[in-house]
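Here is the structure we will look at, set down as structure tokens.
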Amino acid sequence: MPSSIIQAIRGMKDILPTEMLYWHYLETTVRTVLESYGYQEIRTPLLEKTELFCRSIGEVTDIVEKEMYTFLDRNGESLTLRPEGTASCVRAGVENGLFHSQIQRLWYMGPMFRYERPQKGRYRQFHQIGVEVYGLATPDIDAEVIAMSHRFWHHLGLKNITLQINSLGSNQARIIYRQQLIDYFSAHYNALDEDSQRRLQTNPLRILDSKNPTMQTLLSAAPKLLDCLDIESKEHFEQLRLLLTEMQIPYEINPCLVRGLDYYNRTVFEWITQDLGAQGTICAGGRYDQLVEQIGKKPTPAFGFALGVERLIALLQQETINLPNNSPHAYLIIVGDASTRHGLRLAENLRSQLPQLRLLTHCGGGSFKNQFKRADKSGAQIALVLGEDELQKQEITIKYLRTDQPQICVAQTDLADYLKPFI
Ligand code: ATP
Ligand code: MG
5 MPSSIIQAIR GMKDILPTEM LYWHYLETTV RTVLESYGYQ EIRTPLLEKT
55 ELFCRSIGEV TDIVEKEMYT FLDRNGESLT LRPEGTASCV RAGVENGLFH
105 SQIQRLWYMG PMFRYERPQK GRYRQFHQIG VEVYGLATPD IDAEVIAMSH
155 RFWHHLGLKN ITLQINSLGS NQARIIYRQQ LIDYFSAHYN ALDEDSQRRL
205 QTNPLRILDS KNPTMQTLLS AAPKLLDCLD IESKEHFEQL RLLLTEMQIP
255 YEINPCLVRG LDYYNRTVFE WITQDLGAQG TICAGGRYDQ LVEQIGKKPT
305 PAFGFALGVE RLIALLQQET INLPNNSPHA YLIIVGDAST RHGLRLAENL
355 RSQLPQLRLL THCGGGSFKN QFKRADKSGA QIALVLGEDE LQKQEITIKY
405 LRTDQPQICV AQTDLADYLK PFI
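According to the working numbering, the sequence shown is numbered sequentially starting from 5.
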């Protein structure tokens with residue numbers, strides 16, 4: 005009996021070569037901007053101890069309650085595939101002494117794992133590019149990081165992405181606000197959905213983050229956190245607004261913006277698009293001054309964000325963007341056994357002389373006609389033909405695959421010089 009075909013896990017998808025052009029474009033563009041601001045890359049393991057995420061993200065959050073891929077390893081230790089990058093970054097920084105009287109501007113890129121209901125823009129394995137800054141408590145860095153994310157969209161050629169900001173204030177301000185919210189929502193208990201009723205006692209702020217359309221009117225009439233802010237947080241927020249205006253970055257204040265993770269304080273922000281349907285948040289972050297201390301080190305102010313790569317790619321695919329071409333410059337056609345030996349050597353020499361040359365060598369034999377078809381399909385500009393005739397004369401015939409130019413013969417010793425202008 006033939007065995008059935010094994011498919012990828014639900015919510016996890018392959019990124020095929022045709023899609024890769026978008027990924028490379030995005031990664032290169034974002035990396036260039038990050039480096040232009042002096043950010044350094046960090047790579048951490050995909051697996052961490054489960055406790056790290058419980059302690060940092062918060063016990064009563066969607067992620068920790070129901071979205072983590074958690075399992076016992078062969079030693080009986082509880083491990084979790086990282087659902088986000090900030091906790092790992094803090095863990096790595098503490099463990100390697102990166103926060104010791106130092107300012108760190110870090111970034112990372114890679115897959116994250118969340119057991120969510122798969123839908124457009126929402127996957128169980130997805131990718132984030134994240135940025136974390138440690139050691140700066142003042143609003144200038146909040147503004148710089150937001151400006152940098154703004155620059156990503158600009159350099160990628162994306163428009164219609166709007167910025168929403170809010171302030172969550174200090175812990176004390178949130179305690180006062182929490183009580184106001186409990187009073188308000190208790191008075192409207194029956195209008196709350198099941199999740200929100202449960203959260204009323206455990207984490208009432210997260211009710212504001214609910215996506216449930218039937219609750220939106222109730223949410224917009226709720227007391228506002230901005231009205232409870234402590235003086236310092238108010239001042240911090242005012243400064244941030246001033247700096248954003250100074251840098252000509254438009255923003256809206258969204259008093260319901262609380263973010264899905266517990267570790268934020270003061271500034272929170274999201275970049276939102278209307279062009280992707282329900283999953284419109286492409287980038288989100290904020291300030292998290294208590295997290296480093298929570299993970300076990302002396303207090304270190306921090307600010308960061310993560311952007312959803314798949315959502316950005318979906319946006320790029322909707323735009324007409326000139327992606328850099330990565331098809332071969334030349335396709336080497338080889339006919340005859342003797343030519344094969346010589347052809348492979350010739351190709352190696354060319355690659356040594358012209359490291360930037362994208363040269364596809366025909367392998368597998370076949371007629372001229374067949375090889376030309378493949379050359380054409382490869383997207384190469386020119387075909388380099390090595391047949392018995394060329395082998396004898398130590399020449400190469402060059403055929404132009406995209407223009408009407410007549411074919412020419414070039415001495416093999418001159419070939420590298422001849423190919424230079426095509427690169
Ligand atoms: P959402 O409200 O969409 O669930 P979130 O608040 O859980 O997002 P964060 O944890 O802040 O998101 O992650 C930052 C970004 O990563 C999001 O704005 C989004 O672009 C992307 N993202 C989050 N979860 C997923 C997912 N399951 N699939 C694809 N992208 C995701
Ligand atoms: Mg989520």
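For every residue, glycine included, the Cβ atom is placed at its ideal position computed from N, Cα and C.
Checking the DSSP bridge columns, you'll see F273 partnered with I169 and G289.
Not one heavy atom of the ligand ATP sits closer than 7 Å to the Cβ of T166.
Among the bridge pairs identified by DSSP, M24 is matched with none.
Secondary structure at K53: strand, using DSSP grouped into helix, strand and coil.
For L172, the CB contacts under 7 Å within the same chain, skipping 5 residues up- and downstream, are R178, L229, V262, Y268, N269, R270 and V272 in chain order. Cβ neighbours of V68 within its own chain (closer than 7 Å, five residues either side excluded): F57, C58, I61 and G62. Selection D231, Q375 and E314 evaluated against Y335 yields Q375 as nearest (Cα-Cα). At least one heavy atom of the ligand ATP lies closer than 7 Å to the C-beta of Y127. With respect to the 8 Å criterion, A379 and L363 are not classified as neighbours on the basis of their beta carbons. Non-local beta-carbon contacts of G391 in its own chain, meaning distances under 6 Å to residues more than five positions away in sequence, involve V339 in chain order. For R109, the enclosing beta strand (DSSP E) starts and ends at Q108 to F117. Sorting I169, L405 and E399 by C-alpha distance to the C-alpha of K377 places L405 at the top. At least 8 Å separates the beta-carbon of L388 from that of I325.
With a cutoff of 7 Å, D66 counts as near the ligand MG, since its C-beta is closer than that to a heavy atom of the ligand.
In this structure, the C-beta of T206 stays at least 7 Å away from each heavy atom of the ligand ATP.
If you keep only unbroken alpha helix (DSSP H) runs of at least 4 residues inside the stretch 332-367, you get 341-357. K17 has its alpha-carbon roughly 27 Å from the corresponding atom of T36. An exposed status is given to T22, since fewer than 16 other beta-carbon atoms sit within 10 Å of its beta-carbon. Linking G161 to P332 through their CA atoms gives a straight-line distance of about 26 Å. For V98, the three-state secondary structure derived from DSSP is helix.
Taken in chain order, the whole beta strand (DSSP E) runs of length 3 or more contained in the stretch 154-199 are 165-171. For A151, the CB contacts under 7 Å within the same chain, skipping 5 residues up- and downstream, are M251 and I253 in chain order.
Of all alpha-carbon atoms in F156, E81 and K70, the one lying nearest the alpha-carbon of L316 is that of F156. The nearest non-hydrogen atom of the ligand ATP is less than 7 Å from the C-beta of G312. Cα atoms of Q168 and L233: separation of roughly 18 Å, rounded to the nearest angstrom. The beta carbons of I427 and L361 sit closer together than 8 Å. Within the stretch 207-241, the complete alpha helix (DSSP H) runs of at least 4 residues fall at 220-224.
Note that the stretch 189-204 does not touch the stretch 302-310; fewer than 3 beta-carbon pairs, one per stretch, sit closer than 8 Å. One Cα belongs to Q123, the other to D144, and the distance between them is close to 37 Å. Per DSSP, the continuous beta strand (DSSP E) segment holding Y73 begins and ends at Y73 to L76.
The C-beta distance from L248 to A147 rounds to 6 Å, short enough to meet the 8 Å contact threshold. Rounded to the nearest angstrom, the gap between the Cα atoms of E314 and H131 is 7 Å.
In this chain, the beta strand (DSSP E) harbouring Y404 covers E399 to Y404.
DSSP, reduced to helix, strand and coil, places C260 outside both helices and strands of the structure shown, so it counts as coil. Only buried fits N170, as 16 or more other CB atoms lie within 10 angstroms of its CB. The three-state secondary structure of L311, taken from DSSP, is strand.
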